[in-house]
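Engineer: Residue numbers (the numbering used here), protein chains in the order written: chain U, 1 to 521; chain L, 522 to 793. Positions of the beta carbon are idealized from the N, C-alpha and C atoms, including for glycine. Below you'll find the structure I mean.
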């Protein structure tokens, strides 16, 4: 043992045969695979948000198309000769029926990168890749120059108006409407509601003022209201720094907004929120139960055959496939407890269920059950590591058993309990299978935490990053659009789990260092 | 050799000095203890003098630590221990029905072989026993803590860092801290289970000096396997072997003029 340590410190282990090399090799291989996985996710996922240049392609037959190059593939034609085809993202789904075009490379006559072509992201129908021609105000053609700067200024104005409108709807109209719907006869509230609605109408009208006239590569012209646009940029005219800024903005939209277009566009904020909230709720539920169970098993219960069997059963529970927990959660929590709750407290809204359907609470409870063995085992190991001398010291000072537990044993076992919670988080954050049965939804753009009483809506369905990966990857109509989002979402899931785990690890480190830190002073 | 010893052991009656009941704090009366069916102590009877240091010596496994732990009922935790006989603290049976074990352990404090401060600050370590009792005013508590640390000859070394972790102290300081922690609850009897055996010679000398100073306030029982230490520190010494009390006498008498051959063999190193 000692020799091995000395040898490894010197660099290369010598004269010990192939074993050190084998061990080092397998470690290196594991690290390499992990790095490759993260690189793949990062490259494919994060590259999606980079504003790629727009190519204006002229084909042999004179037709033109504009799009962003995605990739090339080599295919066999029916005659057997190989054919290289290039995929372009052309956008303009409403004009051309499809947002993607495969073009045989051989049929491309010329391609150029004209600076004035723009990519415009819309609320609906995906992107437009077009050449802006002119601005319209209330249907009247403007001749403001320069066109692009004037357009971006007007787009910023529309977005500011939208923020104001949404805030008004969320903060003023919705509470007032609920107040009135609850049966209050309140003239002042009605007046304020009417006033706010009128203001929203004004804002809507102001937003609808401007439009941009554009022309597609196929020569079609259309007028796009600025109100429909999310963002617009001219990749070919941007400096690398501007592209980086646009990339950051796109990434931010991905992180901070809700999904659009059947999850194939927009962001994943509700899924991030749902994942984190579910994991936190799970931790809050599992920690007290797991710790109490471990304390009972290790400190209170008379040690004998029965406790031995209980231990074996707990350890085996950790190996039960997660979908089984999902079925259990569905049967017991959702239909059993949830159905009963509905009968007792929410009978008014039956047959539409309140708690008798999957939701945040049931998903968290199911995962808490799933991770319970992990917490019990880790806590019990922590309790077993506390030296008997510490216990005896407390007893010898006149502490009762309960005082000894509370003042000495449990504080010392705290890092071990946190280790259990860390392991539980790592396990729970990645689980998808049981969630499908007990509460995850394809689309739930409203996060389950808001300003309405009781603020945390445990009965609501929620979105989850893991399920989002599955849904976007396998259930979306537009595979090409979904693919980069799958990578990006998977990377995000890894990131979220990492952050959750790091938080718990730092907390544990802080607890452990409380005394060691003083030592170094 | 061992056979002759055994035959002598079973034949000879122990030579026990009689301490007057009025001058003794603890009386052990025909105490036997079995651990998982194995006999660990057999029919021990002796009285421990008040305000003196009494040492228990004997070879490893002779039962001296077992006897010590029987005096503050630490064996209660272990289901495999069965006990007979009586231990009287100031005339009261410690296993009596009216005795709360936590209360007993406050009166009979104990310090263990390895220093075992809690993972708290120095101050909180000494305050631990106090906090278990009725709440005190902070000033009164501070006074007791200072007094305990002074009594344990540690105050000067830690008075400027009371709120540092106790684990920053050296081994010898930690052991004195543990003694201060025990003193803070003001016990009548202090049990020391080889308190210096894990320490370096200088730290161990400090502990010995401390023990000698403590006997003016309370009665000290010291278990040690170090005969020089017993000779230096204690007033009375009991020699145990194989779970039996062999000889109990004033320390000077026991080491200079043992009455039994078994004792003489042990202290002169003819068996170990």
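Given that a residue counts as buried once 16 or more other Cβ atoms are within 10 Å of its Cβ, and exposed if not, what is residue 298 of chain U?
Structural biologist: Residue 298 of chain U should be labelled buried.
Engineer: Ordered along the chain, which non-local residues of its own chain (more than five positions away) have a Cβ less than 7 Å from that of residue 441 of chain U?
Structural biologist: Excluding sequence neighbours, residue 441 of chain U sits near 461, 462 and 463.
Engineer: In this structure, does DSSP put residue 282 of chain U in helix, strand or coil?
Structural biologist: Reduced to three states, the DSSP call for residue 282 of chain U is helix.
Engineer: Take residue 711 of chain L and list the residues in its own chain whose beta-carbon comes closer than 6 Å to its own, dropping the five residues that flank it on each side.
Structural biologist: Taken in chain order, the residues that qualify are 630, 739 and 741.
Engineer: Nearest-angstrom Cα distance between residue 537 of chain L and residue 642 of chain L?
Structural biologist: Their Cα atoms are separated by approximately 45 Å.
Engineer: State the start and end residues of the unbroken alpha helix (DSSP H) segment that holds residue 96 of chain U.
Structural biologist: Looking at the DSSP string, the run of the alpha helix (DSSP H) that includes residue 96 of chain U is 93–96.
Engineer: Using 7 Å as the limit for Cβ to Cβ distance, is residue 544 of chain L near chain U?
Structural biologist: By this cut-off, residue 544 of chain L is not an interface position.
Engineer: Within the same chain, show all residues whose beta-carbon is closer than 6 Å to that of residue 717 of chain L, passing over the 5 residues directly before and after it, in chain order.
Structural biologist: Result list for residue 717 of chain L: 725 and 728, in chain order.
Engineer: Can you check the region 88–128 of chain U for any beta strand (DSSP E) of at least 3 residues that lies completely inside it and give the ranges in chain order?
Structural biologist: The region 88–128 of chain U contains these whole beta strand (DSSP E) runs: 100–104, 108–112 and 118–122.
Engineer: Give the residues of chain L in contact with residue 408 of chain U, contact being defined as C-beta atoms less than 7 Å apart.
Structural biologist: Neighbours of residue 408 of chain U on chain L, chain order: 639.
Engineer: Going by C-alpha distance, which of U/155, U/382 and U/468 is nearest residue 416 of chain U?
Structural biologist: Considering only alpha carbons, the answer is U/382.
Engineer: Look up residue 598 of chain U in the DSSP assignment and say whether it is helix, strand or coil.
Structural biologist: The question about residue 598 of chain U has no answer, for chain U in this structure spans 1 to 521.
Engineer: Going straight from the alpha carbon of residue 664 of chain L to that of residue 732 of chain L, what length do you get?
Structural biologist: About 22 Å.
Engineer: Would you list the residues sitting across from residue 767 of chain L in a DSSP beta bridge?
Structural biologist: The partner list for residue 767 of chain L (beta bridge, DSSP) is empty, contrary to what the question assumes.
Engineer: Measuring only the C-alpha atoms, how far is residue 398 of chain U from residue 622 of chain L?
Structural biologist: So the alpha carbons of these two residues sit roughly 8 Å apart.
Engineer: Which residues, taken in chain order from the region 388–401 of chain U, show a beta carbon closer than 8 Å to some beta carbon of chain L?
Structural biologist: From the region 388–401 of chain U, only 389, 390, 392, 393, 394, 395, 396, 397, 398, 399 and 400 have a Cβ closer than 8 Å to chain L.
Engineer: Mind pulling the chain U residues with CB within less than 9 Å of residue 565 of chain L?
Structural biologist: Residues of chain U passing the Cβ test: none, with the nearest at roughly 21 Å.
Engineer: So, for residue 585 of chain L: in the same chain, excluding its five sequence neighbours on each side, which residues have a beta-carbon less than 6 Å away from its beta-carbon?
Structural biologist: Here the set comprises 577, 579, 744 and 761.
Engineer: Grouping DSSP H, G and I as helix and E and B as strand, with all else coil, what is residue 511 of chain U?
Structural biologist: Three-state result, residue 511 of chain U: helix.
Engineer: Alpha carbon to alpha carbon, what distance is there between residue 652 of chain L and residue 794 of chain L?
Structural biologist: Only positions 522 to 793 of chain L appear in this structure, which leaves residue 794 of chain L out of reach.
Engineer: Output needed for residue 753 of chain L: all residues of its chain with C-beta closer than 8 Å, excluding positions within five of it in sequence on either side, in chain order.
Structural biologist: For residue 753 of chain L, where only same-chain residues beyond five positions count, the Cβ hits under 8 Å are 729.
Engineer: Hey, out of U/176, U/371 and U/103, whose CA is closest to residue 70 of chain U's CA?
Structural biologist: Looking at the Cα atoms, U/103 is the closest of the given residues.
Engineer: Per DSSP, what kind of secondary structure is residue 319 of chain U in: helix, strand or coil?
Structural biologist: Here residue 319 of chain U sits in coil by DSSP.
Engineer: How big is the Cα-Cα spacing for residue 700 of chain L and residue 673 of chain L?
Structural biologist: Cα to Cα, the separation comes out at about 6 Å.
Engineer: Identify, in the order they occur along the chain, each residue of the same chain with its Cβ nearer than 6 Å to the Cβ of residue 193 of chain U, setting aside the five sequence neighbours on each side.
Structural biologist: For residue 193 of chain U, where only same-chain residues beyond five positions count, the Cβ hits under 6 Å are 176.
Engineer: So, is the C-beta of residue 480 of chain U closer than 7 Å to a C-beta in chain L?
Structural biologist: No - not a single Cβ of chain L is within 7 Å of the one on residue 480 of chain U.
Engineer: Which residues mark the beginning and the end of the beta strand (DSSP E) in which residue 56 of chain U is found?
Structural biologist: Where residue 56 of chain U is concerned, the enclosing beta strand (DSSP E) stretches over 55–59.
Engineer: Tell me the rounded alpha-carbon separation between residue 495 of chain U and residue 482 of chain U.
Structural biologist: Cα to Cα, residue 495 of chain U sits roughly 20 Å from residue 482 of chain U.
Engineer: In chain U, which residues lie less than 7 Å from residue 593 of chain L when you measure between Cβ atoms?
Structural biologist: Those within 7 Å of residue 593 of chain L in chain U are 396.
Engineer: Assuming residue 129 of chain U contacts residue 119 of chain U (C-beta within less than 8 Å), just tell me the rounded distance between them.
Structural biologist: The pair is a contact, with the Cβ atoms about 6 Å apart (cut-off 8 Å).
Engineer: Which value, in whole angstroms, describes the spacing of the CA atoms of residue 124 of chain U and residue 228 of chain U?
Structural biologist: Taking the straight line from one Cα to the other gives about 8 Å.
Engineer: Inspect the CB distances between the region 198–208 of chain U and the region 158–178 of chain U and report whether three or more fall short of 8 Å.
Structural biologist: The region 198–208 of chain U is in contact with the region 158–178 of chain U.
Engineer: Going straight from the alpha carbon of residue 491 of chain U to that of residue 392 of chain U, what length do you get?
Structural biologist: So the alpha carbons of these two residues sit roughly 50 Å apart.
Engineer: Enumerate in chain order the residues of its own chain whose CB-to-CB distance from residue 704 of chain L is below 7 Å, with the five nearest sequence positions on each side excluded.
Structural biologist: Hits under 7 Å: 669, 672 and 673.
Engineer: Consider the Cβ of residue 631 of chain L: report whether some Cβ of chain U lies at a distance smaller than 7 Å.
Structural biologist: It does: the Cβ of residue 631 of chain L has a partner Cβ on chain U nearer than 7 Å.
Engineer: Name the chain U residues whose beta carbon is nearer than 8 Å to that of residue 603 of chain L?
Structural biologist: None at all; the shortest Cβ gap to chain U is about 17 Å.
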